[in-house]
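These protein sequence lines are chains P and B, in that order.
Counting with this note's numbering, you get residues 1 to 189 for the letters of the first sequence.
Counting with this note's numbering, you get residues 1001 to 1189 for the letters of the second sequence.
From the three backbone atoms N, C-alpha and C, an ideal C-beta is built for every residue, glycine too.
Number of protein chains: 2
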Amino acid sequence: MIVEKSLETRVNLQDGILSGPFVSESIRTLGQLKGFFGDEHARMRMPQDTVVYKVQVHAKEKEGVSGGLFFGTSFLYPGLVGDEYFMTKGHFHARLFCAEYYWCIQGNGVLLLMDTDANWHWERMYPGSLHYIPGNVGHRLINVGDSILSVGACWPSDAGHDYRSIVERGFPVRVKKADGKPAFTGSEA
Amino acid sequence: MIVEKSLETRVNLQDGILSGPFVSESIRTLGQLKGFFGDEHARMRMPQDTVVYKVQVHAKEKEGVSGGLFFGTSFLYPGLVGDEYFMTKGHFHARLFCAEYYWCIQGNGVLLLMDTDANWHWERMYPGSLHYIPGNVGHRLINVGDSILSVGACWPSDAGHDYRSIVERGFPVRVKKADGKPAFTGSEA
């Protein structure tokens, strides 16, 4: 029996766009990111339907299945809220010990990483940069360029997402534009 | 504290080549693939140091760590053993229920898949094709093109590899060149 699957899923190797079956997309607008940026007044003065990022996910497993994987691409638009670069909410995994791979497809970004004691470091993202995010490490994408930042990702289907720890405690630093360049500042700044 | 990791790992988005720390490489020659191809006499008549495929792996976890992931690229050269296309050994995961993602970076291939009851199907591989290999499914790459087949992969660090089931039972079909095109034939053919 020769069977070729008629429904094929594709990832555009230039921009990371996923197409085909089992692909879903979600969008995060400025209106949905209340409290994440340092300058809340600046965020409120901007059009609330401004898309900050989109996430596409290829999922052939249900969330929570052990041994399974998900595959996705994050598209983070360029922009500023006040002087702070557009960024994702960031998350830990609900099952904290679960890892994730990121690889940058296009654009220029910062991958901000912190452990559960808020020790942090960052990694430079550029086309072809590869990033292993081990368990117990929260991660956030920041677009410090002038074009879209596309990042491929693969993670366990039982990892889950914990956004609340980020809402409650934040990351220990913010990435702001200063003299035309990214600068790291304390989160209270 | 601003720390940028000085040692960066990169994946070449055009050909899948990994470079930087934590990357290892292994090679499979014709001499190491005794018993995998249908025409063992043809295999023996060829130079035994002919490289059939290379695998690069980025590993920041030890094999067996729960929740972790590995990332790699397989490079399968074009060629024939008799009329059978160059292919990988193929494997199940030692922890059978573990999944894997493949995505084709360059070349033209066939992804041969079979379950533990030897039910099989195949998926066409071409640049940008995305393939989810669920748990309990053995998988083998076959290069049916004239150039190198590069395939990206991500899999759980506790998946492990079971090659022995393939050695003992084989896949139910072989992919051979017939009239210049791939054809699927029974493994006894």
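request  = Count the C-beta pairs between the stretch 154 to 171 of chain P and the stretch 65 to 85 of chain P that are closer than 8 Å, then say yes if the count reaches three, no if not.
outcome  = yes
request  = For the beta strand (DSSP E) containing P:E100, list its first residue and its last residue.
outcome  = 100 to 106
inquiry  = Between the alpha carbons of B:V1175 and P:K34, how many angstroms are there, rounded?
reply    = 56 Å
request  = Output the boundary residues of the alpha helix (DSSP H) element that contains B:M1046.
outcome  = Where B:M1046 is concerned, there is no enclosing alpha helix (DSSP H), given that its DSSP letter is neither H nor E.
key: When P:A118, P:A183, P:S129, P:I133 are compared against P:I166, the one with the closest alpha-carbon   = P:A118
query = Around the Cβ of P:I105, are there at least 16 other Cβ atoms within 10 angstroms (buried) or fewer (exposed)?
reply = Here P:I105 is buried, its C-beta having at least 16 other C-beta atoms within 10 Å.
task = Determine the extent of the alpha helix (DSSP H) in which B:E1168 is found, giving its start and end residues.
result = 1164 to 1169
inquiry  = So, for B:R1045: in the same chain, excluding its five sequence neighbours on each side, which residues have a beta-carbon less than 6 Å away from its beta-carbon?
reply    = Correct list: empty, nothing qualifies.
request  = Using a Cβ-Cβ cut-off of less than 8 Å, give me the residues of the stretch 37 to 70 of chain P that come near chain B, in sequence order.
outcome  = H58, K60, E61, S66, G67, G68, L69
query = Which partner residues does B:E1061 have in the DSSP bridge list?
reply = Answer by DSSP bridge pairing: none, since B:E1061 is not bridged.
task = Using 10 angstroms around the beta-carbon of P:A178, count the other beta-carbons present and answer buried if the total reaches 16, otherwise exposed.
result = exposed
message = Let me make sure I understand the geometry here. Which of B:S1147, B:E1063, B:S1026 has the alpha-carbon closest to that of B:T1073?
response = B:S1026
key: Partner residues on chain P for B:A983, Cβ-Cβ distance less than 8 Å   = Any answer about residue 983 of chain B is impossible in this case: the structure gives chain B only from 1001 up to 1189.
message = By the three-class DSSP mapping on this structure, what secondary structure does B:I1002 have?
response = Note that B:I1002 scores a pLDDT of 45, beneath 50, so its modelled location is shaky and nothing firm can be said.
request  = Anything in the stretch 144 to 168 of chain P with a Cβ closer than 7 Å to a Cβ of chain B? List those residues in chain order, please.
outcome  = C154, P156
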